[in-house]
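K.L.:
For the first sequence, counting from 1, position 158 maps to 158 in my numbering; every step adds exactly one.
Note that CB positions come from ideal geometry on N, CA and C, so glycine has one too.
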Amino acid sequence: MNNTEYNFAEIEKKWQAYWAEHETFKTDVWDFSKPKFYALDMFPYPSGVGLHAGHPEGYTATDIVSRMKRMQGYNVLHPMGYDSFGLPAEQYAISTGHHPEGFTQKNIETFSKQLKELGFDYDWSKMVATSDPAYYKWTQWIFKQLFLDGYAQYIDMPVNWCEELGTVLSNDEVIDGKSERGGYPVVRKNMKQWVINQPAFAEKLLEGLKEIDWPESTKEMQRHWIGKSEGVEVKFQIVGGGEFSIFTTCIETIYGITFMVLAPDGQLVQDLMPRIKNQAEVKAYIDETKKKNDMDRTELNKGKSGCRLEGVTCINPANGKEAELFIGDFVLASYGTGAVMAVPSHDQRDFEYAVAHDIPMIQVIDGADVSQKAFEKGEYLGKGCKLINSEEFTGLTVEEAKEAITAKLEKMGVAKRTVNYHFREWIFARQRYWGEPVPVVHTDDGKIYPLPDDELPLVLPELEDYKGQGGKAPLENATEWKKYDRNGVKGVRETSTMPGSAGSSWYFLRYVDPHNDKEFANYELLKHWLPVDLYIGGPEHAVGHLMYSRIWNRYLYDKGLSPVKEPFKKLVHQGMILGENGIKMGKRFPKYVVNPSDIVKKYGADTLRLYEMFMGPLEASKPWSAAGVEGAFRFLKRSFRMVMDQPVVDRAPNADELRLLHATIKKVTNDLETLNINTAISQLMIFVNAFAGEGKELPREAAETFVLLLSPIAPHVCEELWEHLGHDHTLAYEPWPKYDEKHLAVDEVEILVQVLGKPKSRIMVAADATEDAMREAALADEKVKAAIEGKTVRKVICVKGRLVNIVAN
RNA sequence: GCCGGAGUGGCGAAACGGCAGACGCAACGGACUUAAAAUCCGUCGACAGCGAUGUCAUUAGGGGUUCGAAUCCCCUCUCCGGCACCA
1 MNNTEYNFAE IEKKWQAYWA EHETFKTDVW DFSKPKFYAL DMFPYPSGVG
51 LHAGHPEGYT ATDIVSRMKR MQGYNVLHPM GYDSFGLPAE QYAISTGHHP
101 EGFTQKNIET FSKQLKELGF DYDWSKMVAT SDPAYYKWTQ WIFKQLFLDG
151 YAQYIDMPVN WCEELGTVLS NDEVIDGKSE RGGYPVVRKN MKQWVINQPA
201 FAEKLLEGLK EIDWPESTKE MQRHWIGKSE GVEVKFQIVG GGEFSIFTTC
251 IETIYGITFM VLAPDGQLVQ DLMPRIKNQA EVKAYIDETK KKNDMDRTEL
301 NKGKSGCRLE GVTCINPANG KEAELFIGDF VLASYGTGAV MAVPSHDQRD
351 FEYAVAHDIP MIQVIDGADV SQKAFEKGEY LGKGCKLINS EEFTGLTVEE
401 AKEAITAKLE KMGVAKRTVN YHFREWIFAR QRYWGEPVPV VHTDDGKIYP
451 LPDDELPLVL PELEDYKGQG GKAPLENATE WKKYDRNGVK GVRETSTMPG
501 SAGSSWYFLR YVDPHNDKEF ANYELLKHWL PVDLYIGGPE HAVGHLMYSR
551 IWNRYLYDKG LSPVKEPFKK LVHQGMILGE NGIKMGKRFP KYVVNPSDIV
601 KKYGADTLRL YEMFMGPLEA SKPWSAAGVE GAFRFLKRSF RMVMDQPVVD
651 RAPNADELRL LHATIKKVTN DLETLNINTA ISQLMIFVNA FAGEGKELPR
701 EAAETFVLLL SPIAPHVCEE LWEHLGHDHT LAYEPWPKYD EKHLAVDEVE
751 ILVQVLGKPK SRIMVAADAT EDAMREAALA DEKVKAAIEG KTVRKVICVK
801 GRLVNIVAN
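#1: For Met685, which residues of its own chain have a beta-carbon under 8 Å away from its beta-carbon, when the five flanking residues on both sides are left out?
#2: If you draw a straight line from the C-alpha of Gln198 to the C-alpha of Tyr433, how long is it?
#3: Could you check if Glu750 is buried or exposed, using at least 16 other CB atoms within 10 Å of its CB as the buried criterion?
#4: Under 8 Å, with one C-beta from each stretch per pair, do the region 414–424 and the region 262–274 reach the 3-pair mark?
#5: Helix or strand or just coil, what does DSSP make of Gln574?
#6: For Gly810, count neighbouring C-beta atoms within 10 Å of its own C-beta (all shown protein chains included) and say buried if the count is 16 or more, exposed if not.
#7: Can you tell me the Cβ-Cβ gap for Ile315 and Phe236, rounded? I've got them flagged as a contact below 8 Å.
#8: Which of the three DSSP states, helix, strand or coil, is assigned to Phe589?
#9: Using a 10 Å radius around the Cβ and a threshold of 16 neighbouring Cβ atoms, would you call Ile155 buried or exposed?
#10: Taking the alpha-carbon of Glu207 as reference, which of Tyr449, Lys228 and Arg349 has the nearest alpha-carbon?
#11: Excluding sequence positions up to five away, which residues of its chain have a Cβ less than 7 Å from the Cβ of Tyr611?
#12: Since I believe Ile536 is in contact with Thr62 (beta carbons under 8 Å), could you give me their beta-carbon distance rounded to a whole number of angstroms?
#13: Provide the residue span of the beta strand (DSSP E) that contains Leu618, from first to last.
#14: Helix, strand or coil for Thr130? Go by DSSP, reduced to three states.
#15: Using the DSSP secondary-structure output, state which residues sit across from Phe236 in a beta bridge.
#16: Compare the beta carbon distance of Met642 and Val572 with 9 Å and say whether it is the shorter of the two.
#17: Tell me which residues share the same chain as Lys791 and place their Cβ nearer than 6 Å to its Cβ, disregarding the 5 neighbours each side in the sequence.
#18: With C-beta atoms as the reference, is Gln574 less than 9 Å away from Gly54?
#19: Taking only three categories from DSSP, how would you classify Asn389?
#20: Would you check if the distance between the CB atom of Arg700 and the CB atom of Val784 is smaller than 9 Å?
#21: Within 10 angstroms of the Cβ of Tyr733, are there 16 or more other Cβ atoms? Answer buried if so, exposed if not.
#22: Bridge partners for Trp822 per DSSP, in chain order?
#23: Counting C-beta neighbours from all protein chains within 10 Å, is the total for Arg493 16 or more, i.e. buried, or is it exposed?
#24: How many Å lie between Leu803 and Arg775 at the Cα?
#25: Taking the alpha carbon of Ala339 as the point to measure from, which residue in Ser345, Ser305, Asp329 and Ile797 has its own alpha carbon closest?
#26: Would you mind sorting Phe25 into buried or exposed? The rule is 16 or more other CB atoms within 10 Å of its CB.
#27: For a quick check, are the C-beta atoms of Thr130 and Glu436 less than 9 Å apart?
#28: Could you give the residue range of the alpha helix (DSSP H) that holds Cys718?
#29: Taking only the alpha-carbon atoms, compute the straight-line gap between Met412 and Arg275 and give it to the nearest angstrom.
#30: In this structure, what does DSSP give as the bridge partners for Leu40?
#31: Looking only at DSSP bridge pairs, what is Val594 linked to?
#32: Are Leu779 and Tyr38 touching if we call contact CB-CB under 9 Å?
#33: Which class does Leu300 belong to by DSSP, given the choice of helix, strand or coil?
#34: Check whether the region 702–722 and the region 651–671 are in contact - that is, three or more C-beta pairs closer than 8 Å.
#35: Along the alpha helix (DSSP H) that carries Ser639, what are the first and last residues, could you check?
#36: From the DSSP output, in three-state form, read off Pro712 for me.
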């Protein structure tokens, strides 16, 4: 035995060069003759630090599937690109005065080089970068359509303003009143804003969730984010003139109203101000609320703060009774109507408020004691509880009352059924430089003029200073660029740019046709390639990117520009790779941070790929193990030597060899399809344990099949072995091995015999033995006889080919 | 608090309601070697035995369904992720 050295560095270099030279993975998107498979990774932000250990995990998984699909005869599209607008490049520009473009370009090159070293089968000719004007031309174009169709609007609204960053942030960029990046304080402030009307898509987005194969947790998060609630909007008359509406999902409790609460920062309380007797107190509370907005509100609201509006009452339309008005900061001006009816007996929040402000309560639903805490809808719904103290509705069940009360109020003309969403406008502009300029002009006569298509892309101007002055957008510094005077249109360009999520909201459409300069993508191609068959990415995008992408795509679908309602058919989140200490890799424990490039240098890309896939289930978080990497490396070395050094013989495999071979094909094929890659690798290890050994011969069929099965996971070494086996072409398009059940069949099987569920013996029976034969054989077994000695056999359960369970006592 | 997911050897983990712990790591014993590394073979829940084997325990804890439960149902605890006054 000559013990050929596994020189992974040379092998990997050789095959990466081969793939590049032969354009092995270039996809002819116009080839519709084969079934398509579109595998997609969430494209990275090209940061200066390069890849981390988590990147290869998801990327390897899609790579494995796309390589297998290609071998199974699919035309595979597996592209990669960069979400290249973002804050680090902007900060670099501010501190150095250089254009972020160069910095970004350099990072893209570093990333691409690292990704190529991992041997992914990306078609690099399809690469996109969101900061490339040829790309963002179409981001701007889609935005323009959204504007023309009324979905993108320029409106006055309260925003999350971060003074330190000098920009507006979306809700998901604010955590506990601080900015996600940097942790700077964020305040609420009214500003003219570009927004996208996402509530207009709420129903369609909810509907779409039903048809896609996504993790349940992610779908649930999206449902929550949309936050649909069905209820009734009811008009209340104010004593002495005026009216206001409230929204409730519990109309059945309307007879339990003892007070009403308005949002302190709403318009209504301002309108009522002249009639309020304790104005000083009310104004003080309102001021306090405004200050509170930038603090951790939950901390401050242990007790239910608020203030009575003395001298103002309203009439409950259901029974004509008067109710007092309050303001309280638990009522949000931006949700519902900015006013609520308060039923302390049946809402814990109202209960606490009533206790704090000494307000009476009326129980209207029977079935619990409400002296200590409220009897809430979660507890009474669907339990057949009945109404009390509710005039003609007393005695009805809650469900009946919901309908009857709504009907009565509708008849009176004071109520209508409504749906409310937690989902608000998506704020779609940032006071930053490194983003897509919003392609509109504010004309001198006060109108908004979207740029004509031939002026797109509207390219970012070079600046002397990339920092905005006094919280203004950096593009305000571009005094010449800003001025607009063409074709009789005079005005000033919009100076805010789009948020980071703009470019990533449609990149999956562009990959199909990335060089098209006539349209964002050819519809025929989209129709063939969409939806994405497999999308893998981190769970941190569960509501952000994955929601925005669905919105943009759905808009384009409604417009006839995207062929599918939902862009991502199957979504999988890879789990986080933790440090060896079991804690998230990061600055806190630098010695536990793993750099994939180091692993590639020491063990090769194939080992890194194999190890990351063997660590455990793809979706699980799992700690890194340096020893585990050694194990993966050992397996590849063993596999390598098995094929290189053992005699490969042309005899047909014997029955035992065939059985293992076909069992391996079956398990690997099924497991890769379902992304149980760790168990597919286990099976390949079992195969090697059986076939590898000094002096053992390797039937050619077994050798070739093994190499093909391992190739999606460890492509470089397998190409090398394939070549060694006498092939002069890449194995990337070799037909994927097929298994035949007939080779898996056995004549005799070992079955277990249990007595009262306890294993007692194992016996051999014919594979197709009938239940009677099994029972007979089991009862004839010596050990079984001993176990049931002196007992009466009550029942015998037989499971064909598996076991016999004797119930005896 | 609410929603989602998870809890199995020393560790990462396997297991259509049917022999728990496949596969890998670590550990231990052995072969090869002057020696080490690499490699190969073996052991690896506990107890007894040289051994085949036997006995016992066992899938966070408690209850239930079932001939049979890691797996299904109910309750409790712990951990992770998300949301958090949404009317």
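P.N.:
Per the coordinate set shown:
#1: Answer for Met685: Phe635, listed in chain order.
#2: Between Gln198 and Tyr433, the C-alpha separation is close to 25 Å.
#3: Exposed is the call here.
#4: The region 414–424, when compared against the region 262–274, does not touch it at the 8 Å Cβ threshold.
#5: In the three-state DSSP reduction, Gln574 falls in the coil class, being neither helix nor strand.
#6: Because the chain is modelled from 1 through 809, residue 810 falls outside the range shown and cannot be assessed.
#7: Indeed, because the Cβ distance is near 7 Å, the residues count as touching under 8 Å.
#8: Of the three classes helix, strand and coil, the one that applies to Phe589 here is coil, per DSSP.
#9: Ile155 comes out exposed.
#10: The option with the nearest alpha carbon to Glu207 is Lys228.
#11: If you ignore the 5 residues before and after Tyr611, its C-beta comes within less than 7 Å of the C-beta of Gly628, Val629 and Ala632, all in its own chain and listed in chain order.
#12: Rounded, the Cβ-Cβ distance is 5 Å, consistent with contact.
#13: Here Leu618 belongs to no beta strand (DSSP E), and DSSP marks it neither H nor E.
#14: DSSP places Thr130 in coil when its eight states are reduced to three.
#15: Beta-bridge partners assigned by DSSP to Phe236: Phe244.
#16: In this structure, Met642 sits away from Val572, with a CB-CB distance that is not shorter than 9 Å.
#17: Excluding residues within five positions, the ones whose Cβ falls inside 6 Å are Ala808 and Asn809.
#18: Yes, the Cβ-Cβ distance between Gln574 and Gly54 is below 9 Å.
#19: Correct three-state label for Asn389: coil.
#20: Val784 is positioned such that its CB atom lies no closer than 9 Å to that of Arg700.
#21: By the neighbour-count criterion, in which 16 or more other beta carbons inside 10 Å mark a residue as buried, Tyr733 falls on the exposed side.
#22: Since the first and last residues shown for the chain are 1 and 809, residue 822 lies out of range.
#23: By the 10 Å Cβ count, Arg493 comes out buried.
#24: CA-to-CA, the gap between Leu803 and Arg775 works out to about 10 Å.
#25: When C-alpha distances from Ala339 are compared across Ser345, Ser305, Asp329 and Ile797, the shortest belongs to Asp329.
#26: Buried, since its Cβ has 16 or more Cβ neighbours within 10 Å.
#27: Taking 9 Å as the Cβ cut-off, Thr130 and Glu436 qualify as a contacting pair.
#28: Pro715 to His724 is the span of the alpha helix (DSSP H), which, as asked, contains Cys718.
#29: Between Met412 and Arg275, the alpha-carbon positions lie close to 28 Å from each other.
#30: The beta-bridge partner set that DSSP reports for Leu40 consists of Tyr535.
#31: Under DSSP, Val594 shares a beta bridge with no residue.
#32: Cβ distance not < 9 Å, so Leu779 and Tyr38 don't count as in contact.
#33: Reliability fails at Leu300, whose pLDDT of 46 lies under 50, so the model's placement of it is uncertain and the value that follows must be treated cautiously. Three-state DSSP puts Leu300 in a helix.
#34: The region 702–722 vs the region 651–671: in contact.
#35: Following the DSSP letters along the chain, one finds Ser639 inside the alpha helix (DSSP H) bounded by residues Ala626 to Asp645.
#36: Correct three-state label for Pro712: coil.
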